[in-house]
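Okay, so here's the structure we're looking at.
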Amino acid sequence: MPELRLASLPHPSPRLRGRVRTARIMAASAAAVAIVAALAACSPGETERTTLVYATGDAEPSCLDPHVGGNWPQALVGNQFVESLFSRNDGGEIIPWLATGASEADDGLSWDIALREGVTFTDGTPFDAEAVRANVEHLKDPATASSTGVLALGKVERVVAVDEHTARFELSEPDGALIESLAQTWTGMMSPAGFERGIDENCQAPIGTGPFIVESWQPQDSITLVRNDDYASPPADASNQGPAHLERIEWRFIPDAASRLAALQSGQVDVIDSVQPDALAAFGDDDAFSTATFARPGVTARIELNTTRAPFEDATVREAFALSMNLDPAIDSLFAGTLDRSTSLLSSSLPFAASFPDRFVYDPDRANALLDEAGWTARGADGIRTRDGERLTVAFPVSTNQSIPAEVSLLEQIAATAAEVGFDVRLELLDLATWYERSGSWEFDAIIAPYSKSSPDVLRTVYHSMGIPPAPSGYHANNTGLSDPALDALLDEASQASDDAVRGPLYGQAQQAIAETGMVIPLYDQMVQLAYSTDVQGFRLQPQLGTPTFLDVTIGR
Amino acid sequence: MSALGGRLRALALRLFGAVAVIWAVVTVTFLAVRAVPGDPVLAILGGPGSNATPEAVEQARADHGLDQPLWLQYVRYLGRVAVFDLGDSYDLRRPVTAIVGEQLPPTLGLALVALVLAWTLAVAFSWWSMRGGRVAWAIASFLEAVGTVLPHFWIATVLIAVFAVSLGLPVAVSRPGAGGLILPAVTLAIPVAGFLGQVMRERMLDTLEQPFVVAARARGLGDTQVYFRHVLRHAAVPAVATTGWAFGSLVSGAVVVETIFARPGLGRTLLDAVMIRDVPLVCGALIVVAIVYVLVTLATELAERLLDPRIAGGAGAVEPAPGGAAGPGTPGPGSVRGPADAHAPITPAGAP
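As structure tokens, this is what we get:
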């Protein structure tokens, strides 16, 4: 820094040299002392560490109630104070949490869910069947503006309290994914008394049964969580059955990846998320830090092709595009070996995920042959193929809010290799609102859109034809535009089955059918990537969604 | 009458100008935010990885008045702005005035500290380069030129790399209090200091040849005394005039600095609001920034007049009049520029 060099420059004027030198040294020393004192004042003291500082690089939620909207940032922080009826264990099996069991009626049109006894929300309201009913009602109220939660419970018509500790979910049609849907923070349980305060107040400080309580929320800065001293409702796989060891969590919003990393390295924060691939790889060799990764349940990060217009209305062109991508070395180098390439439509953390390694390979010769076959035979001066004077362009809008730099680099490499067989891939980096506009109006040929759900039923959300036209706004979960009654029937049938011996093969068939359309090109699992100081012990990612839990955490010194 | 009337008219014109600036900001941002494709409701309800139901979309549209024609939205918005009701943020579900009220003080505080720091650096540099001769002059000139063009994100990244990563100091992200203010303020101050320094030294070149400076030197005053009693005042005039501009640059720089150092503030709020197209918040924040900018510009004009009464169109002094505490040897009003002759003692009017 130029100014820092000032004090060390020679003083050229002979007059007053001595006096000025003394003054200069004194001024410099005073400034240094002031800076050091100021810095020391904000460093963590030598007191016992019962406060953990978590730094998130994900967006700041606009509402802390995970029923409202329902996105990843809400699930991340919501898991600290809102608990769900069910969870998953490390083996991917559903385990009890606020519920103790569930039984399906013979006709599949209702489920009786048995609830844990003796649990209260942190405002003292008892957790019972009436509370479950109030939660589902809150979720389904249009004023709540739920998106993820209400879609997950789309088949639930109402909940009735059979007795104090039994809630009956009445359905419009059988729902084999119901229990999985209830194992998500977006369908978590909050105090009915909290809802009565109104949506805006509930957004500021939702009241759950979790190990922590929302004490305050400073927008743009942090959420302060304090320990729930009466906590007694851990999921079945937790090692700590009582209150958390930590007294407080400071949940800080640090959007810049480099600052977040530096904050962890300088001890200013204890845990960071959204760790970039290069840093994640570097931490692998560093004894002072540990990392935790988890494949987000849901669909994989994948390229989806718009089948409603040229060029991808033609399955041959879709196949050629997929074959033009040399993904293995690109993913390995750009993500610094921190994640594996996926050939699956479903996240590896979900049951019944099928892989198609033979389908998604790099074969430029075959890609060229397919394009010739499809009639894109002429080439322009720049090597881009044409057909009847029309260029083979691929409009590819990319949301900079959703794609990290490594992913953007990967797309650039994909565009480069696709150009070798004659595709003109036009990547457009857009803000989120513009990206939604493109998606909603079908102004794209290829797109990447994340979707998380703790059930293979996510395939129905994303690839069923009902996901194509629904909202009057044009917004849709299905980005392929492919309407196939046979696929719809398969996805419906799979979603209605609750017996794994039945639904497993059905989901296998559905994935096969989707893969054969060529409208999806899997890239890799959507990863949750965290790094933390090794002073932090007992930290883990809870397998229902891969969100962090601090119930068992202590901070050593 | 004429003097008072003239002043009142000038004041009215100035107020009218300020209102016009703010109205233009309201209109341009209102239209610009809507002209870009993208439905704010989808961004608000959508968010990464979620899917709004038709009912929720309709509800939100009606709640925010987005089902109304654009002109009606505009007229209603103007009407509300006139009574300083900036509406509710789509995203944060709170009044924009409350959000801006919370986020403005940290940004103003940061900008003010950065401005003081920038002035201190600029004065220190010009003083040092006056005393240091040719070499110092050249070095100062070079460093200022470099400082002026350094981007904020680069300065911030280097400061974090040096102080947080290498030295392990807890300064990567800003905490409340003086300690958290240092690196963000230094980041903002460096380019402004470079610019102010350049402007000041340019004027110094001219000032150093002025007879009153020559006279002061002839009376045996040292460089430092000459600088602080006589030269600084003159050199500062054009720098003060550009401080209004500098303040604008500090506010825009706050967008970058607040994001990198994870500080709360209006800059970061504005960035987030633009990303998800939170129209009321974007417009509200920009209106407040425009008001602050107008106020700062007025303040710098006032400061210029205090430093250099010629701007007021007053006595017709050739040289800027000194303040009350003028030291010996300063030229009084009406003093005549004489030939620069260090050996001939010049006794200015009014001197003992």
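Listed in order, the protein sequences are those of chains A and B.
In this text, residue positions in the first sequence follow this note's numbering: the first is 72, and each later residue adds one.
In this text, residue positions in the second sequence follow this note's numbering: the first is 4, and each later residue adds one.
Backbone N, C-alpha and C fix where the C-beta goes; we use that ideal spot for every residue, glycine too.
Chain-ordered, the chain A residues with CB closer than 8 Å to the CB of ASP94(B) read SER133. In this chain, the alpha helix (DSSP H) harbouring PRO348(A) covers 348-354. Here ILE485(A) has MET396 as same chain residues with Cβ atoms under 6 Å from its own Cβ, once five neighbours each way along the sequence are excluded.
Here PRO245(A) is near LEU180(A), since their CB atoms are less than 8 Å apart.
Not flagged as an interface residue toward chain B: ASP411(A), since no C-beta distance is shorter than 8 Å. Taking a cut-off of 8 Å for Cβ pairs, the region 602-609 of chain A and the region 450-457 of chain A do not touch, as fewer than three such pairs fall below it. Chain A has a Cβ within less than 8 Å of the Cβ of ARG280(B).
Residues of the same chain with a CB within less than 7 Å of the CB of HIS209(A), apart from the 5 flanking positions on each side, are HIS138, THR215, PHE266 in chain order. Closer than 8 Å to the CB of ILE290(B) there is not a single CB belonging to chain A. In the DSSP assignment, the residues bridged to THR362(A) are ALA602(A). According to DSSP, THR122(A) shares a beta bridge with ARG319(A). Taking 8 Å as the cut-off, the beta carbon of MET260(A) is found closer than this to the beta carbon of GLU154(A). Per DSSP, reduced to three states, the secondary structure at MET203(B) is helical. Interface criterion not met: the Cβ of ALA141(B) is under 8 Å from no Cβ in chain A. Approximately 5 Å separates the beta-carbon atoms of SER525(A) and ALA254(A); this is inside 8 Å, confirming the contact. Cα atoms of SER174(A) and HIS236(A): separation of roughly 14 Å, rounded to the nearest angstrom.
Membership of GLY575(A) in the alpha helix (DSSP H) is indicated by the continuous run 571-588. Runs of the alpha helix (DSSP H) lying entirely within the region 82-108 of chain B and spanning at least 4 residues: none are present. Counted as a single uninterrupted DSSP element, the stretch harbouring GLU499(A) is not any alpha helix (DSSP H) but the beta strand (DSSP E) occupying residues 495-501. Chain B places a beta carbon closer than 8 Å to that of ILE325(A), counting this residue as a contact. Here TYR595(A) carries a strand assignment [DSSP, helix/strand/coil].
Interface flag for GLN484(A) against chain B is unset, since no Cβ pair is found closer than 8 Å. Taking the Cα positions, VAL231(A) is about 40 Å away from GLU375(A). With fewer than 16 other Cβ atoms from the protein chains shown falling within 10 Å of its own Cβ, GLU286(A) counts as exposed. Between GLN582(A) and LEU394(A), the C-beta spacing is not below 8 Å. Within the DSSP bridge table, the entry for TRP182(A) names GLU175(A), PHE240(A) as partners.
Of the candidates ASN549(A), GLU483(A), PRO305(A), the residue whose Cα lies closest to the Cα of ALA520(A) is ASN549(A).
At a cut-off of 4 residues, the continuous stretches assigned as alpha helix (DSSP H) that sit fully inside the region 180-259 of chain B are 181-210, 214-221, 226-229, 235-244. For ILE250(A), the CB contacts under 6 Å within the same chain, skipping 5 residues up- and downstream, are PHE157, ILE165, ALA173 in chain order. Put simply, the backbone Cα of ALA125(B) is about 27 Å away from that of ARG222(B). For TRP157(B), the uninterrupted alpha helix (DSSP H) run begins and ends at 155-162, by DSSP. One alpha carbon belongs to SER133(A), the other to ARG79(B), and they sit about 25 Å apart. Contact check for ARG159(A) and GLN615(A): beta-carbon distance about 5 Å, within the 8 Å limit, so the pair qualifies.
The C-beta of ARG509(A) has 16 or more other C-beta atoms within 10 Å across all chains shown, which makes the residue buried. CA-to-CA, the gap between THR488(A) and ALA584(A) works out to about 27 Å.
Against chain B, a Cβ distance below 8 Å from ALA372(A) picks out nothing, because the smallest value is about 11 Å.
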